[in-house]
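The sequence shown maps to residues 140 to 439 in our numbering. Notes to accompany the following structure.
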Amino acid sequence: MNWRLLGERAIETLIRVCGVSAIVFVFGIFVFVLKEGWEFLTHRLDLVQFFTSIEWRPTSPNDPTYGALALLAGTAAVTAVAMAIAVPFGLGTAVFVSEFCRPRTKEALKIVIELLAAIPSVVWGFIGITLMNVTVIAVTGAPVGVNVLNSGVILALMSMPIIVSIGEDALKAVPDHFREAAESLGATRWQVVYKVLFPAAKNGLLAAVLLGVGRAVGETMAVLMATGHSIRMVFDSEPPVLHVLSPARTLTATIAAELGEAPKGSDHYQALFVIGLLLFAITFAINLAADLIVRGIRKE
C-alpha cells in the first residue's frame, strides 16, 4: 500500500471539503435568515413602504410601520464617510510601508497596524462615545457628538488595517523589474508609484478597498454606540447634501439593538430578519460589482 499516495489524496480531499464548506456555510446562513423572515416578507410586508418610508415603528400597538429608508441612508452615510477617510489614508500608508519605509520602521508600523485590527469593536465604540464625542463637539460646535462623522472616523480606523495590509501585499507582488525599468528611464519614486505600481496592482488595491467597504457595512457594535442611534434622514435630495453632524441609525445596529427584545415569530422579529436579507443582498451586490470590475480590468 502506497501510504504517501494515500496521504496526498487525503490532504487533497480535505482541501476540497474546506473549499466546499465555505459555500455550504454561506448558503446555510442565507437559508436560515430567509426561513425566519419568509412569512412576513411574502404576506405582510409592504415593500414599497419598506424602501420608501423613513418611519420605523415596529412596536407601535396601533399602526406598526416598517420603513427602512432612513436605516439604509444611515448605513450608506456612515460607510461613505468612513471610506472617504480610510481609502486615501489606507492606500497612502500601504505605499509608504511598501516603498518608502526602512526595514525597522516597516516592522514597527506593521505591528501597530495589526494592533489596530486586534482592538475589539466595543472598545472602538467606547472611544467613539467618550473621546470622539467630546472632540466632535469641540471642533464642529455640534450639539451632539455621536453622529455620522463620529462613527465614520471610528469605522475608518477599523477599516484601515485591512486596506493597508492587503494594499501592501498587492504592491509588493508587483515584480521588481517593473520598478527597475521605470527608474532606468528616469522616473522619480513617486512617478514609479502612480504610473507603474498603481496600474500593475490595481486588482489587489481594488480588493483592499472593497474589503474595507464590507468591514464598514457589516460593523455593528461601534456604530450602535457612536452614531446616536436615531432614526432620521441624513441626506437632502434637493440639493443633495449629507449631514455628517446628524445622528443616524444603521441596519446592523437596528438588528443588534432590537432582536433581543422582539418576541420570536412576531412581525417585529421577522422584519429584523428581512433587514438581514437586505444586508445579504448589499454585500452580494458589492462582491458581484468587484468581480465584474476585476474581470474588466484583466481583459484590458
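Even glycine gets a Cβ: it sits at the ideal position worked out from N, Cα and C. Note that the structure is predicted; figures quoted are calculated from it, not measured.
Distance check for L350 and E151, CA to CA, integer angstroms please.
If you number the sequence shown from 1, residue 151 lands on position 12. If you number the sequence shown from 1, residue 350 lands on position 211. Going from the Cα of E151 to the Cα of L350 covers about 29 Å.
From the DSSP output, which residues share a beta bridge with T204?
Within the sequence shown, the letter at position 65 stands for residue 204. Answer is R196.
State buried or exposed for R354, treating a residue as buried only when at least 16 other CB atoms are found within 10 Å of its CB.
For the purposes of this step, residue 354 is taken as the residue at position 215 of the sequence shown. Under this definition R354 is a buried residue.
If V220 sits next to V285, beta carbons under 8 Å apart, how far is it from one beta carbon to the other, in whole angstroms?
If you number the sequence shown from 1, residue 220 lands on position 81. If you number the sequence shown from 1, residue 285 lands on position 146. That belief does not hold up - the Cβ atoms of V220 and V285 are roughly 14 Å apart, past 8 Å.
Quick check on the DSSP output: what are the complete alpha helix (DSSP H) runs of length 4 or more inside the region 354-391, in order along the chain?
Complete alpha helix (DSSP H) runs here, min 4: 360-365.
Give me the residue from A207, T389, L411, A396 with the minimum Cα distance to E178.
Translated into positions along the sequence shown, residue 178 becomes position 39. When each option's Cα is compared against that of E178, the closest is L411.
Who are the Cβ neighbours of A212 in its own chain at under 6 Å, not counting the five residues just before and after it?
As a first step, residue 212 is located in the sequence shown; it is residue number 73 there, counting from the start. Cβ neighbours of A212 beyond the five flanking positions: M372, V373, F374.
Determine the extent of the alpha helix (DSSP H) in which K245 is found, giving its start and end residues.
Locating residue 245 in the sequence shown gives position 106, where the first residue counts as 1. Its alpha helix (DSSP H) spans residues 242-257.
On the DSSP letters alone, give me the boundaries of the alpha helix (DSSP H) that E238 sits inside.
To locate residue 238, count along the sequence shown from 1; it is residue 99. Element bounds for E238: n/a, residue is neither H nor E.
Secondary structure at N426, three-state DSSP: helix, strand or coil?
Here residue 426 corresponds to residue number 287 of the sequence shown, with the count starting at 1. In this structure, N426 counts as helix in the three-state DSSP scheme.
Considering D185, what are the terminal residues of the alpha helix (DSSP H) in which it resides?
The residue given as residue 185 occupies position 46 in the sequence shown. Neither: D185 is in no alpha helix (DSSP H) and is coded neither H nor E.
Throw me the rounded Cβ distance for the A347 and I301 pair, which I believe falls under 8 Å.
In the sequence shown, counting from the first residue as 1, residue 347 sits at position 208. In the sequence shown, counting from the first residue as 1, residue 301 sits at position 162. Contact holds; Cβ gap of about 7 Å.
Only counting runs of 4 or more residues, tell me where the alpha helix (DSSP H) segments fall wholly within the region 323-350, in order along the chain.
Listed in chain order, the complete alpha helix (DSSP H) runs (minimum 4 residues) inside the region 323-350 are 328-331.
Is N286 helix, strand or coil when you go by DSSP?
Taking the first residue of the sequence shown as 1, we reach residue 286 at position 147. Three-state DSSP puts N286 in coil, outside helix and strand.
Taking the alpha carbon of L294 as the point to measure from, which residue in V226, I305, L248 has its own alpha carbon closest?
Here the question's residue 294 lines up with position 155 in the sequence shown. Among V226, I305, L248, the Cα nearest to that of L294 belongs to V226.
When you compare the CB positions of E238 and V159, do they come within less than 8 Å of one another, or not?
Stepping through the sequence shown from its first residue, residue 238 is reached at position 99. Stepping through the sequence shown from its first residue, residue 159 is reached at position 20. Contact: no.
Assuming G264 is part of the alpha helix (DSSP H), what are its boundary residues?
Position 125 of the sequence shown, counted from the first residue, corresponds to residue 264. 260-266 is the span of the alpha helix (DSSP H), which, as asked, contains G264.
Please tell me whether L360 and I268 are closer than 8 Å, where the distance is taken between their beta carbons.
Numbered from 1 along the sequence shown, position 221 holds the residue referred to as residue 360. Numbered from 1 along the sequence shown, position 129 holds the residue referred to as residue 268. Note on residue identity: the sequence assigns Met, not Leu, to residue 360. No, they are not a contact pair.
Evaluate F189 with the Cβ neighbour count: other Cβ atoms within 10 Å of its Cβ, from every protein chain shown; 16 or more gives buried, anything less gives exposed.
Working through the sequence shown from its first residue, we reach residue 189 at position 50. Buried: at least 16 other Cβ atoms inside 10 Å.
Please report the distance separating the alpha-carbon of G325 from that of R318.
Here residue 325 corresponds to residue number 186 of the sequence shown, with the count starting at 1. Here residue 318 corresponds to residue number 179 of the sequence shown, with the count starting at 1. About 11 Å.
Rounded to whole angstroms, what is the Cα-Cα separation between A401 and H368?
Translated into positions along the sequence shown, residue 401 becomes position 262. Translated into positions along the sequence shown, residue 368 becomes position 229. Their backbone Cα atoms lie some 18 Å apart in a straight line.
For the alpha helix (DSSP H) that T274 lies in, which residues bound it at each end?
Indexing the sequence shown from 1 puts residue 274 at position 135. First-last of the alpha helix (DSSP H) with T274: 272-279.
Taking the straight line between their C-alpha atoms, what separation do you get for Y408 and L398?
As a first step, residue 408 must be located in the sequence shown, where it is residue number 269. As a first step, residue 398 must be located in the sequence shown, where it is residue number 259. So the alpha carbons of these two residues sit roughly 6 Å apart.
Please state whether DSSP places V165 in a helix, a strand or coil.
Within the sequence shown, numbered from 1, the residue matching residue 165 stands at position 26. It is helical.
By DSSP, does E147 sit in helix, in strand, or in coil?
Residue 147 sits at position 8 when you count from the first residue of the sequence shown. Note: E147 maps to helix in three-state DSSP.
Measuring only the C-alpha atoms, how far is G306 from V352?
As a position in the sequence shown, residue 306 is number 167, starting the count at 1. As a position in the sequence shown, residue 352 is number 213, starting the count at 1. Each residue's alpha carbon lies about 14 Å from the other.
Using alpha carbons as the reference points, say which of D406, V165, E358, E147 lies closest to V262.
As a first step, residue 262 must be located in the sequence shown, where it is residue number 123. Measuring from the Cα of V262, the nearest candidate turns out to be E358.
With a CB to CB cut of under 8 Å and the five nearest residues on each side skipped, what residues in its chain are close to S260?
Here residue 260 is taken as the residue at index 121 of the sequence shown, counted from 1. So the list reads M297, E358, T359, M360, A361, once near-sequence residues are dropped.
Taking its Cβ as the centre, do 16 or more other Cβ atoms sit within 10 Å of T181, making it buried, or is it exposed?
What you label residue 181 is simply residue 42 of the sequence shown in a count that begins at 1. With fewer than 16 Cβ atoms within 10 Å of its Cβ, T181 is classed as exposed.
Ignore the nearest five residues each way along the sequence and tell me which others in T366's own chain have a CB closer than 8 Å to its CB.
Taking the sequence shown and counting its residues from 1, the one referred to as residue 366 is at position 227. The answer, listed in chain order, is G213, V217, V285, N286, V287, N289, S290, P386, A387, R388, T389, A392.
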